[in-house]
Each structure stands twice: as structure tokens, then as C-alpha cells.
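Residue 60 in the working numbering sits at position 60 of the sequence shown, with consecutive numbering throughout.
We treat Cβ as the ideally placed atom computed from N, Cα and C, and that holds for glycine.
This structure is a prediction, so every number in the text was calculated from the model and none was measured.
Notes follow once the structure below has been shown.
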Amino acid sequence: MNIENAQVQMRKGILEFCILHIISRGEVYASDMLDELTSARIMVVEGTLYPLLTRLKNAGLLDYKWVESTSGPPRKYYLLTDLGRTSLEALNDTWQELAESVNAIVSKTDQHKKPGNGAVSVELPGSPITPSSNA
């Protein structure tokens, strides 16, 4: 298993969800989306973002408007459509369910770790279990 590839695929899987969330807060410029995604460590480049924005627009989930800029050409600002808001609500429900399910599995794994299997055992002073009590 290529861990780096798995990590990239996990990030790609939630990219649309994150983009819809960013846009749901109000009109947003693509470079601001890139900045937020990068600062959240969901690495994405323009070559990934723009085709994705086009696909979301073609699916009716978002729209855009051109705004004149005082420092250059007009800028394209993205906003969610009603369908985009409805879809995001459904994705929120799915995300909550998925996060709870994954956390339940991960927490069981953490509970089952035993000394010698990569877990660290720490004995506290006054603990009822001491090396001499196991004899």
C-alpha cells in the first residue's frame, strides 16, 4: 500500500465537501479558496480547483458572478445555488455519520492496543497493579 497515495486520495474525497463549505459562507474568489484549503493542509493546486469548480457549476451546485477590480481584470466570485445548499446539508449529514463511524473504529483500535504492540504502558504510583502483584 502506498501511504502517500492513500493520503492524497482521502483528501481528494473530501475536497468537494470542503469547497462547498467555503463557498457557503458567502461569495468567494478562487485564490481565497486555495489559500484556505492550503492552510487547512488539504493541498490543492489551481489545475485541480478550476476543473472542480466548473464541474460543480455544471451540476448546478454553484454559480459565479464577475466583479470589477480596481487592481486588474474583473474577478470571478463563486456562490452556492439553492441546490448547492441542499446538497451541502445532505453531505453534512453524511460527513457526521462517517466521522462517528470512523472514530468508533479508531477508538476501539486504540483501546485494544497492548504493551509490546507499539503502545506505551505507564504505571502510576499507588496503582493496584504492580509487577510484584502479577507474580
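| query | result |
| --- | --- |
| Cβ neighbour criterion (16 or more within 10 Å) applied to I19 | buried |
| Proximity of L15 and L52 at Cβ, strictly below 8 Å | yes |
| Where M10 falls, given that 16 or more other Cβ within 10 Å makes a residue buried | exposed |
| 8 Å Cβ cutoff met for F17 and W66 | no |
| C-alpha distance - L83 paired with N5, whole-angstrom precision | 32 Å |
| Where S101 falls, given that 16 or more other Cβ within 10 Å makes a residue buried | exposed |
| Assumed close pair L61, S24 - CB separation to whole angstroms, cut-off 8 Å | Not quite, the Cβ-Cβ distance comes to about 11 Å (not below 8 Å), so this is no contact. |
| Of the residues L91, K12, S39, the one placed nearest T48, counting alpha carbons only | K12 |
| Nearest neighbour of Y29, chosen from E97, K76, R85 [CA to CA] | K76 |
| Three-state secondary structure assigned by DSSP to L37 | helix |
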